[in-house]
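Enquirer:
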Amino acid sequence: MEKVESILYGSRWKGFLGFIALILLLPLVVSSQYVFTLLILIGIYCIITIGLSLLIGYAGQISIGHAAFVGIGAYVSGVLTVKYNVSPWIAMGIGMVVTFIIAYLIGMQVLKLKGHILALATIAINVIVYILLVGLSDYTGGAGGLVGIPNLSLMGLDLGNQLYFYFFVWSIVFIVILFSTNIIRSSIGRILRSIHDSEIGTETLGVNVTKYKVAIFALSAVFASLAGSLYAHYINFIAPPTFYISFSILLLVMVMVGGVHSIWGAIIGTAAIMFLNEAIRFVGHTYFNINGEVEIVVYGLIIILVMIFIPKGLIGILDFRKILPIESSMKKDVTVKENVASEKGV
Amino acid sequence: MDLFLQYLITGLTVGSIYALLAVGFVTIYNVTGVLNLAQGEFAMIGALSCVTLVNLGIPIFGAIPLAILITAIIGLAVERLAINPARKATPIVLVVITLGVSIFLKGMGLIIWGTSPKSLPPLVESKSIEFMGAVVNSQSLWILVVLIAHLVVLYWFFEKTFLGSALRASEKNPRAASLMGINTSTMSMIAFTIAAGLGAIAGVMIAPLTDATYEMGFFIGIKGFVAMIFGGMHSIPGAVAGGLLLGVIEAFSGGYISTYYSDALAFGFLLLVLFFRPQGLFTKATGERV
Amino acid sequence: MGDLLQVNGLTKKFGGVTAVNDVSFQIGEGEIVAVIGPNGAGKTTLFNMISSYVQPTEGEVLFKGKKLTGRKIFDLAHLGISRTFQNLQIFSNMTVLENVMMGTSVNLKTNVFSAGFRLPSVKRDEEYAYKAAYDVLTMMGMNDLLHEQAGQLSYGLQKKLEFARAIVYKPELIMLDEPMAGLNDAETNTMAGYISDLKEKGHSFLFVEHKMATIMQLADRIVVLDFGTKIAEGTPDEIQKNEKVISAYLGEEVI
Chain P
3 MEKVESILYG
13 SRWKGFLGFI
23 ALILLLPLVV
33 SSQYVFTLLI
43 LIGIYCIITI
53 GLSLLIGYAG
63 QISIGHAAFV
73 GIGAYVSGVL
83 TVKYNVSPWI
93 AMGIGMVVTF
103 IIAYLIGMQV
113 LKLKGHILAL
123 ATIAINVIVY
133 ILLVGLSDYT
143 GGAGGLVGIP
153 NLSLMGLDLG
163 NQLYFYFFVW
173 SIVFIVILFS
183 TNIIRSSIGR
193 ILRSIHDSEI
203 GTETLGVNVT
213 KYKVAIFALS
223 AVFASLAGSL
233 YAHYINFIAP
243 PTFYISFSIL
253 LLVMVMVGGV
263 HSIWGAIIGT
273 AAIMFLNEAI
283 RFVGHTYFNI
293 NGEVEIVVYG
303 LIIILVMIFI
313 PKGLIGILDF
323 RKILPIESSM
333 KKDVTVKENV
343 ASEKGV
Chain W
-14 MDLFLQYLIT
-4 GLTVGSIYAL
6 LAVGFVTIYN
16 VTGVLNLAQG
26 EFAMIGALSC
36 VTLVNLGIPI
46 FGAIPLAILI
56 TAIIGLAVER
66 LAINPARKAT
76 PIVLVVITLG
86 VSIFLKGMGL
96 IIWGTSPKSL
106 PPLVESKSIE
116 FMGAVVNSQS
126 LWILVVLIAH
136 LVVLYWFFEK
146 TFLGSALRAS
156 EKNPRAASLM
166 GINTSTMSMI
176 AFTIAAGLGA
186 IAGVMIAPLT
196 DATYEMGFFI
206 GIKGFVAMIF
216 GGMHSIPGAV
226 AGGLLLGVIE
236 AFSGGYISTY
246 YSDALAFGFL
256 LLVLFFRPQG
266 LFTKATGERV
Chain G
26 MGDLLQVNGL
36 TKKFGGVTAV
46 NDVSFQIGEG
56 EIVAVIGPNG
66 AGKTTLFNMI
76 SSYVQPTEGE
86 VLFKGKKLTG
96 RKIFDLAHLG
106 ISRTFQNLQI
116 FSNMTVLENV
126 MMGTSVNLKT
136 NVFSAGFRLP
146 SVKRDEEYAY
156 KAAYDVLTMM
166 GMNDLLHEQA
176 GQLSYGLQKK
186 LEFARAIVYK
196 PELIMLDEPM
206 AGLNDAETNT
216 MAGYISDLKE
226 KGHSFLFVEH
236 KMATIMQLAD
246 RIVVLDFGTK
256 IAEGTPDEIQ
266 KNEKVISAYL
276 GEEVI
């Protein structure tokens, strides 16, 4: 008997192979240190935006405060390694557990409510976390930031090396994609999608809808925390403004622009916004001699235009599903139908 | 005791600003069902365009209505250009659009007015008043007066005029309203225009106290939002009470605990309200529990 | 015959209007009970109170001696009660197969983390859900539609799909809100066939319906509502002869 998963959702290995090939090939063509740093940051941000796309596209909830969870991860890692000499790997784990507990407790209370109350609750969390990061200066270094966060090393390999860290981060992105698509391609994925069509229908079938929304929220927070830890160990320096609401908004924009209904949309959106960001900065500085965050005008316009004209995001125009049949359950291609035909003997 | 009174008065002054913003939020939310995250930017535009008009030599009493008018027109443009084309979209998309509008307006503010804070002269130049040992800034009194005038006018508008009832109807039941010949798209446009004007008033009133910058919008908007949640999302009097309460919480936590943590405490209180009284503090109605 | 479901004095007031007034009846194991009544008699409100969608003003519902009133909607499926809706609540963007697999949710143990890590239990769950859904769809002759999007099906097929989804996990009590509404005669007969087959296997049914011929043919007992009050209860034969029922239906096209 063929695997139930591939009967329902087709194969995802083509997409994975394309992804792995791209990650392996990029270092061969990219020589600039600057672009390399950008690629690593895109990888780190992808970990967060994949979680957010699960939250927005599947659980149907919006967060304007994920930077707080990134901040918690980064600071737990930073403070424990710098001030208490804890192993970076253990610190990273502690950060994820702490974030999970916070997100779970908040989600449990707030996700019972209808509407977009979670958006407001996450803004509140972001403000509180930011203030605490600046305020608890004995531990966090306050507004001046925390310096001297060690590089990671894995089995004797110094991940301070750009190339190693690049492969390390993108391996983690791969694991995150695998984990997330595992969820989407299971009964959990079906439950999350069914909520969009009929929440009452889903509950009638014995599903405690809130429980799944909370779990996805907590999971997306844990991804954010992991990304925060990686960021801290990569940049070796963290300061509170990095983790303010403006970063939460940037993350949200990445996901929405890429397309929330697909994990790949999050990745495309993250890369697109990061390159756009650099392009605007370059053009702004070189030709217009502008300082400050003028690029936000362009962001604002892009968000509005994308939401009005392609609410499904960039992935909607590219329709990568034809190449990467990840969530292609809607439209079955011929081969899957044939599998089903031979399946009738069950 | 003196200190207590001083904090209370400061709290009510700041709270009145939050209340003014919250009223704008409730108006849009009730009519269109959209959480407008750009409401704070209307306050920013109101304040900064008023500063520009005053610098052009227009007297303050002429500059304020002009600034409100300009902001209201921007509100109208925002609704026509960004909200109306996406009226059939999901709530998440609409929230994100208002977020985009907020970022865009903030960026425009930066380009037009630059980064340095601008100050606006108070409505009437006068000395502070002593009241039972507490100092009351005359601008604070003006803010209270404006807030009360607001409530009276809005009450009259929503309860006594045809347009007001049409706006309320399109919130309660958009389909029925459109069957009755009320154009909900027009109502949405009017709601945004009014809300932008209300935002501008809040901005113009607060600018003499705190100086105006292009960045002021988002945070002040969020505060208005918190006030709206305290008041239970749907009620204008609730939003006003919520705004005053938020101002007082901030003033007292700033005075007795730490100025630095007053925002954290205010938002912590918001989380508590969301957890335990999501239907708002001042309503008896059951919340929208699933 | 033991009582599976006991409805005791259910009353619902909306403001000053009493939609359902002190209604009581029982359903025995393996029994098919129909609720009928003219339009606006309170059938749907009664149905919604029994299935915990609406809280009664007074009265309670017991299922195998356990109180249902006040429970969460999702608890009912775990107790062995499933229902369908008059205005279909199928998942229109999902396939037929996925829709019916959703019906097995109560028997699945997969959670977000076991799914993410692909623990062996997830594979077992998926295989169980697939097989259960496949069997039901085969039984209903729908296995050439497995991968069609549910929203693309005809109304009659959507109705069958919702029924399949409600019975796939073999609940003891199946509540059907107008299962035949909008179906043609052939489809109605097929649906009636499924219901009596399941009754043979020991399932009980409570349903609201307008098509009298079907009700008379299927139901063991009929409860008649008029203006929110129970005016009669009995076998189809008794109900057909009941004066009160006939006068309540005067002016309507019946029997």
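Residue numbers (the numbering used here), protein chains in the order written: chain P, 3 to 348; chain W, -14 to 275; chain G, 26 to 280. The beta-carbon is built from N, C-alpha and C at its ideal position, and this holds for glycine as well. All of these numbers come straight from a predicted model, not from anything done at the bench.
#1: Where do the ends of the beta strand (DSSP E) carrying Gln51/G lie?
#2: Please confirm whether Ile9/P and Ala229/P have their CB atoms less than 7 Å apart.
#3: Phe99/G touches chain P at which residues, Cβ-Cβ below 7 Å?
#4: How many angstroms separate the CA atom of Ser55/P from the CA atom of Ile270/P?
#5: Would you decide whether Ala23/P is buried or exposed? Buried here means 16 or more other CB atoms lie within 10 Å of its CB.
#6: Could you tell me the alpha carbon to alpha carbon distance between Pro327/P and Val285/P, rounded to whole angstroms?
#7: Give the range of the alpha helix (DSSP H) segment to which Glu268/G is assigned.
#8: Is it true that the segment 166 to 186 of chain W meets the segment 60 to 73 of chain W, where meeting means three or more beta-carbon pairs spaced less than 8 Å apart?
#9: With a threshold of 16 other CB atoms inside 10 Å of the CB of Asn64/G, please say whether the residue is buried or exposed.
#10: Taking 8 Å as the threshold, find out whether the segment 152 to 170 of chain G comes into contact with the segment 237 to 245 of chain P through three or more Cβ pairs.
#11: Could you check if Gly34/G is buried or exposed, using at least 16 other CB atoms within 10 Å of its CB as the buried criterion?
#12: What residues from chain W crowd round Gly315/P, counting only those whose CB sits closer than 8 Å?
#13: My assumption, with CB atoms under 8 Å, is that Ala23/W sits in contact with Ala185/W. Please give the rounded CB distance.
#14: Under 7 Å, Cβ to Cβ, is there at least one residue of chain W near Val100/P?
#15: Given 8 Å as the limit, is there contact between the segment 82 to 102 of chain W and the segment 200 to 218 of chain W, that is, 3 or more CB pairs closer than that?
#16: Consider the Cβ of Met110/P: report whether some Cβ of chain W lies at a distance smaller than 7 Å.
#17: Between the Cα of Ile25/P and the Cα atoms of Tyr168/P, Ser250/P, Tyr36/P, Ser196/P, which residue gives the shortest distance?
#18: Compare the C-beta of Phe116/G with all C-beta atoms of chain P and state if any pair is closer than 7 Å.
#19: Within 7 Å of any Cβ in chain P, is that where the Cβ of Ile242/W sits?
#20: Whole angstroms are fine: how far does the CA of Val258/W sit from the CA of His118/P?
#21: Please report the distance separating the alpha-carbon of Leu38/W from that of Ala192/W.
#22: Under 9 Å between beta-carbons, which chain G residues line up against Ala217/P? List them in chain order, please.
#23: Using 7 Å as the limit for Cβ to Cβ distance, is Ser79/P near chain G?
#24: Please report the distance separating the alpha-carbon of Leu113/P from that of Gly85/W.
#25: Residues of the segment 256 to 285 of chain P in Cβ contact with chain G at a cutoff of 7 Å, in chain order, please.
#26: I need the DSSP call for Arg14/P, collapsed to helix, strand or coil.
#27: Mind listing the chain P neighbours of Leu133/G? Cutoff is C-beta to C-beta under 8 Å, in chain order.
#28: With 7 Å as the limit, tell me which residues of the segment 249 to 267 of chain W have their beta carbon closer than that to any beta carbon of chain P; keep them in chain order.
#29: Which same chain residues end up closer than 8 Å to Leu198/G when comparing Cβ atoms and leaving out the 5 residues on each side of it in sequence?
#30: So, using beta-carbon positions, are Gly181/G and Leu208/G closer together than 7 Å?
#31: How do the segment 72 to 86 of chain P and the segment 27 to 40 of chain P stand: do at least 3 beta-carbon pairs fall below 8 Å, yes or no?
#32: What span of residues does the alpha helix (DSSP H) with Ile199/G cover, start to end?
#33: Among the residues of its own chain, which have a CB less than 6 Å from the CB of Ile66/P, if the five just before and after it don't count?
#34: Which of helix, strand or coil does DSSP assign to Lys224/G?
#35: Only counting runs of 3 or more residues, tell me where the beta strand (DSSP E) segments fall wholly within the segment 25 to 69 of chain W, in order along the chain.
#36: Straight-line CA distance for Val48/G to Ser117/G?
Expert: Let me spell this out:
#1: 42 to 53
#2: Not in contact: Ile9/P and Ala229/P (Cβ atoms no closer than 7 Å).
#3: Neighbours of Phe99/G on chain P, chain order: Glu205, Gly208, Val209, Asn210.
#4: 12 Å
#5: exposed
#6: The predicted position of Pro327/P is uncertain, since its pLDDT is 42 and thus under 50; a value taken from the coordinates is nonetheless stated next. Using only the alpha carbons, I get a separation of about 37 Å.
#7: 268 to 273
#8: Yes, the segment 166 to 186 of chain W is in contact with the segment 60 to 73 of chain W.
#9: Taking every protein chain shown into account, the CB of Asn64/G has fewer than 16 other CB atoms within 10 angstroms, so this residue is exposed.
#10: no
#11: exposed
#12: Near Gly315/P there are no residues of chain W at all, since even the closest Cβ is about 10 Å away, more than 8 Å.
#13: Cβ-Cβ separation between Ala23/W and Ala185/W: approximately 13 Å, too far for a contact (criterion under 8 Å).
#14: no
#15: Under the three-pair Cβ rule at 8 Å, the segment 82 to 102 of chain W counts as touching the segment 200 to 218 of chain W.
#16: no
#17: Tyr168/P
#18: Interface residue (Cβ-Cβ distance to chain P less than 7 Å): Phe116/G is classified as such.
#19: no
#20: 15 Å
#21: 14 Å
#22: Asn136, Val137, Phe138
#23: no
#24: 25 Å
#25: none
#26: coil
#27: Ser189
#28: Ala249, Phe252, Gly253, Leu255, Leu256, Leu259, Phe260, Pro263
#29: Leu29, Leu30, Ile52, Phe88, Gly105, Ile106, Ser107, His228, Ser229, Phe230, Leu231
#30: yes
#31: Counting Cβ pairs under 8 Å, fewer than three are found: no touch.
#32: Careful: Ile199/G lies outside any alpha helix (DSSP H), inside the beta strand (DSSP E) at 198 to 202.
#33: Ala121, Thr124, Ile125, Ser250
#34: helix
#35: none
#36: 35 Å
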